[in-house]
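Q:
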Amino acid sequence: MQIRLPLILLLALTSCTPVTSRPAPITAPTSPETTLPSSESSTAASNDNTPQYETSVLAALWDAKTRTHQILPVEPSSGRPIPGYDPISIGVNYYYTFSPDGKTLFVVGYQSDNSGDPTMHEIDLTSWQKTSLPLDGKGWTGGLAFSPDGNSVAIGLNDSKSALLVVDVERNRVLAQVAPGFEISRLKFTSDSSAVMAYGKVIVNRFTSNEQTSGFAKAALFDARDLNLLWSAELEGVREGVYPADEETAGTTALHENPEAAVYLYPGLVFAPDRDNLYIVHADEDKLTTVDFGSRSISAVNIRPKLSWLERIFLLTTGVAHAKVANGVSRSAVISPDGGTIYTIGYRNQATQSTNGNWTMTQIPLGLQAINASDGTERVKFDISATGLWITADGSSLLLHNWNEPPSTDILNAKTLRITGHFDNAILVPAHRMNGTTLLLSSVTIENTQTRMSAYSAGGGLLGEWLADGYGAWLIAP
Numbered sequence: 014m015q016i017r018l019p020l021i022l023l024l025a026l027t028s029c030t031p032v033t034s035r036p037a038p039i040t041a042p043t044s045p046e047t048t049l050p051s052s053e054s055s056t057a058a059s060n061d062n063t064p065q066y067e068t069s070v071l072a073a074l075w076d077a078k079t080r081t082h083q084i085l086p087v088e089p090s091s092g093r094p095i096p097g098y099d100p101i102s103i104g105v106n107y108y109y110t111f112s113p114d115g116k117t118l119f120v121v122g123y124q125s126d127n128s129g130d131p132t133m134h135e136i137d138l139t140s141w142q143k144t145s146l147p148l149d150g151k152g153w154t155g156g157l158a159f160s161p162d163g164n165s166v167a168i169g170l171n172d173s174k175s176a177l178l179v180v181d182v183e184r185n186r187v188l189a190q191v192a193p194g195f196e197i198s199r200l201k202f203t204s205d206s207s208a209v210m211a212y213g214k215v216i217v218n219r220f221t222s223n224e225q226t227s228g229f230a231k232a233a234l235f236d237a238r239d240l241n242l243l244w245s246a247e248l249e250g251v252r253e254g255v256y257p258a259d260e261e262t263a264g265t266t267a268l269h270e271n272p273e274a275a276v277y278l279y280p281g282l283v284f285a286p287d288r289d290n291l292y293i294v295h296a297d298e299d300k301l302t303t304v305d306f307g308s309r310s311i312s313a314v315n316i317r318p319k320l321s322w323l324e325r326i327f328l329l330t331t332g333v334a335h336a337k338v339a340n341g342v343s344r345s346a347v348i349s350p351d352g353g354t355i356y357t358i359g360y361r362n363q364a365t366q367s368t369n370g371n372w373t374m375t376q377i378p379l380g381l382q383a384i385n386a387s388d389g390t391e392r393v394k395f396d397i398s399a400t401g402l403w404i405t406a407d408g409s410s411l412l413l414h415n416w417n418e419p420p421s422t423d424i425l426n427a428k429t430l431r432i433t434g435h436f437d438n439a440i441l442v443p444a445h446r447m448n449g450t451t452l453l454l455s456s457v458t459i460e461n462t463q464t465r466m467s468a469y470s471a472g473g474g475l476l477g478e479w480l481a482d483g484y485g486a487w488l489i490a491p
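Everything in the sequence shown is counted per the working numbering, starting at 14 for the first residue and increasing by one.
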């Protein structure tokens, strides 16, 4: 199956990686100038509505009067706000993450479509109080991570000069800030909270429509207290970003005027849940790279099906399989809770130009792979079309998203990869209420004027749906 999308939509989709380890970038439907609350503010909640609050889910809804996104707890099946909990403004654009215990929401918000004004908001979900602090830096958030002990938050800001910050959550202040030397797209603390693991790429031409990438991706390890660099490495063979298709187009305007002059590569990235490893499923070849921050080492293996001894002998005389790249490959990846299996989906992009000069991008699905994290062995491959991938907290089910019209979700058994459910007009993600009860949530924008917000039981039964004016989104807790 091939999916044809306008080029501008395709590029928007390729820039998003729907995995839980990455912060969720949310943008406004318009570009107004707004004013944030003061740097110290709080909103008290009434204890009389605690039972309703416990069964609620957090939503971020666009408010036309203030022209900002506002966070509030709602009854998920109807959208009814919980009385006694005033909406909290977080700006026009925002990124967020939850603390490990789920009691604190940390937001980096922007008061306009300009990336030069990031402000951090720390929201205590127990008292419904917010404290805010403008950040000394600028750029869109490329990485956002809570430490396992809940004491610190790491923030990556990407602009002409990228910045890495670590914030003391209790004191609401920045402990350290450094220039990492590359654009950060993934962040995570080590399991003992002593260091920050970072991954990213080097941008050559940032202020063009297609930001050109140089060389291979980077990995680095920073001390969590002062961000002193402990270790760094270039990840040979790992390419992420926009590259010239050939030497003739490198550094020319053709790179950002003609999609055929560029190659768009986005590998599948996922941190291990049980160790300080980052797994990278390459976009342009069938290879798995492991960055072991604990031993400060890098290894790479070819991804191949489990073979008999005779097939393994035959492969000794063959070369490495390279993916058909054309105009690029995009991958998404998730990992099982035990850290043993990596699941990845992807698609290959092919740009074509019509007689009137307009460009469209055809997405050719690469299917779903289940890969052993330890040795890169392909356990199984399933032919299915999908552009996004989630895994439930218990690892029993995979949720595959397809943004073709109508948008849909397939639910698969993670062990057998058999489809157990299909949902049209829904992009389902696993979530839970404030009291920890699991459910499935969906938000689908309708012609940029409304958002269909839906809630389903963990078993897939529809609990209810409602329409939010403008843009709405669920805030998905870990």
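C-beta atoms are modelled at their ideal positions from N, C-alpha and C, and glycine is treated no differently. It should be emphasised that the depicted structure is a prediction, and the values quoted were computed from it without experimental measurement.
#1: So, under 8 Å CB-CB, L178 and K151 are touching, yes? Tell me the CB distance rounded to an integer number of Å.
#2: Which word fits N415, buried or exposed, when buried means at least 16 other C-beta atoms lie within 10 angstroms of its C-beta?
#3: Let me confirm a value: E196 is counted as buried when at least 16 other C-beta atoms fall within 10 Å, else exposed. Which label applies?
#4: Within its chain, find whatever has a CB closer than 7 Å to the CB of S91; leave out the 5 residues flanking it on each side and keep chain order.
#5: Using the C-alpha atoms, what's the distance from I311 back to A386?
#6: By DSSP's criteria, Y292 is part of a beta bridge. Which residues make up the other side?
#7: Return the chain-ordered list of same chain residues with a C-beta closer than 8 Å to the C-beta of T48, the five sequence neighbours on each side being excluded.
#8: Identify the continuous beta strand (DSSP E) that holds Y109 and give its terminal residues.
#9: Alpha carbon to alpha carbon, how far is G485 from E298?
#10: Can you give me the C-alpha to C-alpha distance between I459 and D236, rounded to a whole angstrom?
#11: Would you identify the three-state DSSP class for L488, choosing helix, strand or coil?
#12: Hey, quick one: how far does the beta strand (DSSP E) through Q65 stretch, first residue to last?
#13: Please name the residue, chosen from Y356, G122, R199, D287, that lies closest to W403 on a Cα-to-Cα basis.
#14: Would you call the CB atoms of N362 and E273 closer than 8 Å?
#15: Would DSSP call E418 helix, strand or coil?
#16: Based on the DSSP secondary-structure assignment, which residues constitute the bridge partners of D130?
#17: Three-state secondary structure (DSSP) at A73?
#18: Could you name the residues of the same chain whose beta carbon sits closer than 7 Å to that of V393, not counting the 5 residues immediately before and after it, in chain order?
#19: Whole angstroms are fine: how far does the CA of D239 sit from the CA of A189?
#20: Give the DSSP bridge partners of F202, in chain order.
#21: Looking at the structure shown, is E513 part of a helix, part of a strand, or coil, going by DSSP?
#22: Any chance you could list the beta strand (DSSP E) runs of at least 3 consecutive residues sitting entirely within the segment 351-438, in chain order?
#23: DSSP state of E273, grouped into three classes?
#24: In three-state terms, what does DSSP make of I101?
#25: Is the separation between the beta-carbon of V209 and that of T117 shorter than 8 Å?
#26: CB-CB under 8 Å to G472, same chain, minus the five flanking residues each way: which ones, in chain order?
#27: Can you check which of these residues, A490, V294, V304, G307, is closest to R317 by C-alpha distance?
#28: So what's S54 in DSSP terms, helix, strand or just coil?
#29: Would DSSP call L242 helix, strand or coil?
A: According to the data block:
#1: About 12 Å; that fails the 8 Å criterion.
#2: So N415 ends up on the buried side.
#3: Buried, because 16 or more other Cβ atoms sit within 10 Å of the Cβ of E196.
#4: Excluding residues within five positions, the ones whose Cβ falls inside 7 Å are G477, W479.
#5: Computed Cα separation, rounded: 14 Å.
#6: Y292 pairs with V283, T303.
#7: Bear in mind that the predicted position of T48 carries a pLDDT of just 28, short of 50, making it unreliable; the figure below should be weighed with that in mind. Excluding positions up to five away in sequence, the list reads Q124.
#8: For Y109, the enclosing beta strand (DSSP E) begins and ends at 106-111.
#9: Rounded to the nearest angstrom, the two C-alpha atoms are 37 Å apart.
#10: CA-to-CA, the gap between I459 and D236 works out to about 45 Å.
#11: Reduced to three states, the DSSP call for L488 is coil.
#12: Segment 63-67 is the alpha helix (DSSP H) holding Q65; no beta strand (DSSP E) there.
#13: Of the listed residues, the one whose Cα sits closest to W403 is Y356.
#14: Between N362 and E273, the CB-CB gap reaches or exceeds 8 Å.
#15: Of the three classes helix, strand and coil, the one that applies to E418 here is coil, per DSSP.
#16: None; D130 has no bridge partner.
#17: In this structure, A73 counts as strand in the three-state DSSP scheme.
#18: Here the set comprises A383, L430.
#19: Distance between the alpha carbons of A189 and D239 is about 5 Å.
#20: Answer is V209, bridged to F202.
#21: Absent from the model: residue 513. The displayed extent of the chain is 14 to 491, so no value can be given.
#22: Listed in chain order, they are 354-366, 372-385, 390-395, 401-404, 410-415, 421-426, 432-437.
#23: Correct three-state label for E273: helix.
#24: Strand.
#25: For V209 and T117, no; Cβs fall outside 8 Å.
#26: Leaving aside the five residues that flank G472 on each side, none in its chain has a CB nearer than 8 Å to its CB.
#27: It is V294 whose Cα lies nearest to the Cα of R317.
#28: Note that S54 scores 40 on pLDDT, short of 50, meaning its location in the model is unreliable and no value can be drawn from it.
#29: Secondary structure at L242: strand, using DSSP grouped into helix, strand and coil.
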